[in-house]
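Protein chains: 2
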Amino acid sequence: MTAREHLEKYGIRPSVQRLAVMQYLMNSKTHPTVEEIYADLVKEIPTLSKTTVYNTLDLLVANRAVTQITIEGGKAHYDGFTHIHSHFYCNECGKIFDMPCDEKHLRTLEPKNGFIIESTQLYYTGICPECRSKNEN
Amino acid sequence: MTAREHLEKYGIRPSVQRLAVMQYLMNSKTHPTVEEIYADLVKEIPTLSKTTVYNTLDLLVANRAVTQITIEGGKAHYDGFTHIHSHFYCNECGKIFDMPCDEKHLRTLEPKNGFIIESTQLYYTGICPECRSKNEN
DNA sequence: TTATAAATTTGTAATGATTTCAAAAACGAG
DNA sequence: CTCGTTTTTGAAATCATTACAAATTTATAA
Chain A
-3 MTAREHLEKY GIRPSVQRLA VMQYLMNSKT HPTVEEIYAD LVKEIPTLSK
47 TTVYNTLDLL VANRAVTQIT IEGGKAHYDG FTHIHSHFYC NECGKIFDMP
97 CDEKHLRTLE PKNGFIIEST QLYYTGICPE CRSKNEN
Chain B
-3 MTAREHLEKY GIRPSVQRLA VMQYLMNSKT HPTVEEIYAD LVKEIPTLSK
47 TTVYNTLDLL VANRAVTQIT IEGGKAHYDG FTHIHSHFYC NECGKIFDMP
97 CDEKHLRTLE PKNGFIIEST QLYYTGICPE CRSKNEN
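Taken in order, these protein sequences are the chains called A and B. Position 86 of the first sequence, counting from 1, maps to 82 under the working numbering, and the rest follow consecutively. Position 18 of the second sequence, counting from 1, maps to 14 under the working numbering, and the rest follow consecutively.
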């Protein structure tokens, strides 16, 4: 699916900036921050403002076109991959990994008591394989 | 268990300030922020510094005596309730609720592929029952 | 106890992500 | 094209958190 189709699917008007941000997130596997998104996109769109990146991401998140990852307290990461999955945050290198996550099991965990669930986030923190093997040396 | 015992259990020296923070979190069911913890404790300990609250919480989290909740990107909440449970964040009122969470099912979701898991966080966002009934009026 | 070292606390200043806001620019309907 | 609406922009303000060095408290040993 193209970025344009993705935006339309969520009822978001496709401006140049919105398309660029959406496109960027769809291509990215690294869960970028606002800073990273801005730094890369300003190369393509020199007039781009960081505020626009913030506005756009807020809009995308509000319409569930992308997911906000708030594992690191300080700054938000964004994820354009919308299928169900969990995340792993490495305490050593700071990278965030996508993890498989069985949807059926995840669903059985949902509380059933009058709360309306709009989104679910599951994440782990610890040490990734790479940092682990570095430590063993 | 007393706050003092709790600290000792995690190998943390019990200073007046640390005891106060630990005690506060053990009594609290509302997942307070640094600001809230500080504002309340400074009444008891007038010389208390906000930096100390930060230091103490960092220490408690590093030793797993409390959990840091990072649902809201902007600021961290803290949870002194150490049994396994998930959280629910209400998008409307901003309150964070404790939710039951079946440990066995949560465990089956864990990825088994070389990642060393040190902590697990599961949370939902949506509308709480109270805000839901307000909206229906 | 007393001296000394180590751990902890404190307050201020700096940092950095995010928000606010009003003006400018782009867009869309008639 | 023109008017009204939406979107973007940039600068300034806000707010949580971190850095850091001085001051205080606590632990240790003579």
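In this text, a Cβ means the ideal position worked out from N, Cα and C, and glycines have one as well. Nothing here was measured: the structure is a model prediction, and the numbers come from that model.
Straight-line Cα distance separating residue j from residue i
i: B:Pro42; j: A:Val17; result: 48 Å
i: A:Ser24; j: B:Pro107; result: 22 Å
i: B:Ile139; j: A:Lys91; result: In the structure as shown, chain B begins at -3 and stops at 133. Residue 139 of chain B is therefore absent and cannot be evaluated.
i: B:Thr52; j: A:Asn109; result: 35 Å
i: A:Thr116; j: B:Leu118; result: 7 Å
i: B:Leu44; j: B:Ser11; result: 12 Å
i: A:Val57; j: A:Tyr6; result: 10 Å
i: A:Cys127; j: A:Phe93; result: 13 Å
i: B:Leu135; j: B:Asp54; result: Nothing about residue 135 of chain B can be read from this structure; chain B reaches only from -3 to 133.
i: A:Ile33; j: A:Arg0; result: 18 Å
i: B:Lys130; j: A:Arg60; result: 24 Å
i: B:Cys86; j: A:Cys97; result: 24 Å
i: B:Lys39; j: A:Val38; result: 49 Å
i: A:Cys89; j: B:Ala72; result: 21 Å
i: B:Glu132; j: A:Ile112; result: 13 Å
i: B:Arg103; j: A:Arg103; result: 14 Å
i: B:Gln13; j: B:Thr48; result: 8 Å
i: A:Leu15; j: B:Tyr120; result: 28 Å
i: B:Thr26; j: A:Thr26; result: 33 Å
Nearest-angstrom Cβ-Cβ length linking residue i and residue j, presumed shorter than 8 Å
i: B:Gly122; j: A:Glu114; result: 4 Å
i: B:Asp36; j: B:Tyr50; result: With 8 Å as the limit, B:Asp36 and B:Tyr50 do not qualify as a contact, their Cβ atoms being about 15 Å apart.
i: A:Val30; j: A:Lys46; result: 7 Å
i: B:His79; j: B:Met95; result: Their Cβ separation, rounded to whole angstroms, is 12 Å, which puts B:His79 and B:Met95 out of contact at 8 Å.
i: B:Pro28; j: B:Tyr74; result: 6 Å
i: A:Leu105; j: B:His81; result: The Cβ separation is near 11 Å, so there is no contact.
i: B:Gly76; j: B:Met(-3); result: With 8 Å as the limit, B:Gly76 and B:Met(-3) do not qualify as a contact, their Cβ atoms being about 11 Å apart.
Reduced DSSP secondary structure (H/G/I, E/B, other) of residue i
i: A:Glu106; result: coil
i: A:Glu132; result: helix
i: B:His101; result: helix
Bounding residues of the beta strand (DSSP E) (the contiguous stretch that carries residue i)
i: A:Thr63; result: 63 to 65
i: A:Glu31; result: That residue, A:Glu31, is in no beta strand (DSSP E); its alpha helix (DSSP H) goes 30 to 40.
i: A:Ser82; result: 82 to 86
i: A:Leu118; result: 112 to 123
i: A:Asp54; result: First-last for A:Asp54: 46 to 58, but that is the alpha helix (DSSP H), not the beta strand (DSSP E).
i: B:Ile8; result: No beta strand (DSSP E) holds B:Ile8; DSSP gives it neither H nor E.
i: B:Phe77; result: That residue, B:Phe77, is in no beta strand (DSSP E); it is neither H nor E in DSSP.
i: A:Asp94; result: 92 to 95
Run of the alpha helix (DSSP H) containing residue i, from where it starts to where it stops
i: B:Met22; result: 12 to 23
i: A:His2; result: -1 to 5
Report task. Determine contact between the stretch 66 to 79 of chain A and the stretch 66 to 84 of chain B, defined as no fewer than three beta-carbon pairs at a distance below 8 Å. Result -> yes
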